[in-house]
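In UniProt numbering, the protein residues as written are 1 to 288. Data first, discussion second: the structure below is written as C-alpha cells.
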Ligand code: R5P
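Following this line, the structure appears as C-alpha cells:
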C-alpha cells in the first residue's frame, strides 16, 4: 500500500501505478491552533492491514516533516510489519555539517526523527549521498537524474551539460549520458549570501551552443540566474535549466524567466510548475 504525504500526491499516485499497489486514502486536518492531524483511515480495518506500507512524502516544510512523522506513527499503530519511508526530496539535507560553532547538523536531526518510524528509507539525490548514513535503518540513495534527459528537445545544437559547481558535475554527466550526446563541464561557484552567488566561468566554449545547466536543486534561483547571465554574455544559444529538485522558493521561477532561460525542467520529487518528469520509475525499481 502506498501512503502519500500532502506534498507528494502526484508522485505517490504514479508510484502506486508503477508498483501496482493500492493508493491509501489519507486525511490531513488542521486544528484551530495550527497543529496537524495526518491519518490513514484505510488502515483502521484490522483485517486488511497490509504487510508493507510505503509512505511517500517530500519534506519541503516543517509541516511536511510533522505530517510524515504522523503517517509513520499511524502505520505503526495499525500494526504494519514493514514501513518504508520514501523521502523523494529530503528537506534540511544541505545542512549536513556544523558549519560554525554552535550550529546543529540539521540533516542528522531530521534523519534521527524519521528513523524512529521507518524500517527502511529511500531518498533521491540528496545534496550529499553521505546523509543516508544519518538514518538508523538501511537508507538507499536513488539517482533519478537520468529522468531529466526526457523533456529536453531532441534537436539540441552541439549541446554542453554544465554544472554550476564541481559538486554537481556527476549529475550533469548522468543527464548527458541519458540524453546520448554532448560534452560536460562545470563552473566555479562562490556563495556570497543566502540568495546570491558569484560564478567563475571555465574556459569552455559555449558560443552558439545549446547549454543545459544541471544542478541537484534550484532553491532561490541565485545560482542558476548567475550561470544564465554568464552564458548569455558568452554568446550561448538556448539555455535550459535541469534540476532534480525544483524547489523554486519565493520568486525563483520569475528570476530564471527574467534571466532568459528557455525552460526549467525538474522532476516531481517536488511538485510544482517545473515538475516536467516523474521520478517514479526510478523509485519503483528501488522498492521492488
Ligand atoms: C548547492 O551547492 C546546491 O547544489 C545548489 O546549487 C544550491 O542549493 C542552489 O541554491 P540557489 O538556487 O538558492 O542558488
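Where is the CB? At the ideal position from N, CA and C, for every residue including glycine. Bear in mind that the values here come from a model prediction, so they are computed numbers and not experimental data.
Cα-Cα separation between residue i and residue j, rounded to whole angstroms
{"i": "residue 40", "j": "residue 3", "result": "8 Å"}
{"i": "residue 94", "j": "residue 50", "result": "34 Å"}
{"i": "residue 46", "j": "residue 78", "result": "7 Å"}
{"i": "residue 168", "j": "residue 54", "result": "29 Å"}
{"i": "residue 75", "j": "residue 65", "result": "16 Å"}
{"i": "residue 161", "j": "residue 31", "result": "47 Å"}
{"i": "residue 202", "j": "residue 102", "result": "36 Å"}
{"i": "residue 139", "j": "residue 12", "result": "19 Å"}
{"i": "residue 322", "j": "residue 218", "result": "Since the first and last residues shown for the chain are 1 and 288, residue 322 lies out of range."}
Near the ligand R5P: residue i beta-carbon under 7 Å from a heavy atom
{"i": "residue 246", "result": "no"}
{"i": "residue 167", "result": "yes"}
{"i": "residue 14", "result": "no"}
{"i": "residue 254", "result": "no"}
{"i": "residue 127", "result": "yes"}
{"i": "residue 66", "result": "no"}
{"i": "residue 94", "result": "yes"}
As assigned by DSSP and simplified to three states, the class of residue i
{"i": "residue 100", "result": "coil"}
{"i": "residue 116", "result": "coil"}
{"i": "residue 94", "result": "coil"}
{"i": "residue 4", "result": "strand"}
{"i": "residue 47", "result": "helix"}
{"i": "residue 255", "result": "helix"}
{"i": "residue 266", "result": "strand"}
Assumed close pair residue i, residue j - CB separation to whole angstroms, cut-off 8 Å
{"i": "residue 8", "j": "residue 288", "result": "That pair is no contact at about 19 Å."}
{"i": "residue 91", "j": "residue 56", "result": "Actually they do not touch by this definition, with Cβ atoms about 14 Å apart."}
{"i": "residue 277", "j": "residue 151", "result": "5 Å"}
{"i": "residue 63", "j": "residue 36", "result": "6 Å"}
{"i": "residue 284", "j": "residue 68", "result": "Actually they are not in contact, since the Cβ atoms of residue 284 and residue 68 sit about 20 Å apart, beyond 8 Å."}
Candidates the options: closest to residue i by CA position
{"i": "residue 115", "options": "88, 83 and 127", "result": "83"}
{"i": "residue 159", "options": "225, 166 and 149", "result": "149"}
Neighbour flag for residue i against chain C, beta carbons, 8 Å
{"i": "residue 12", "result": "Of the protein chains in this structure there is only one, and it is not chain C."}
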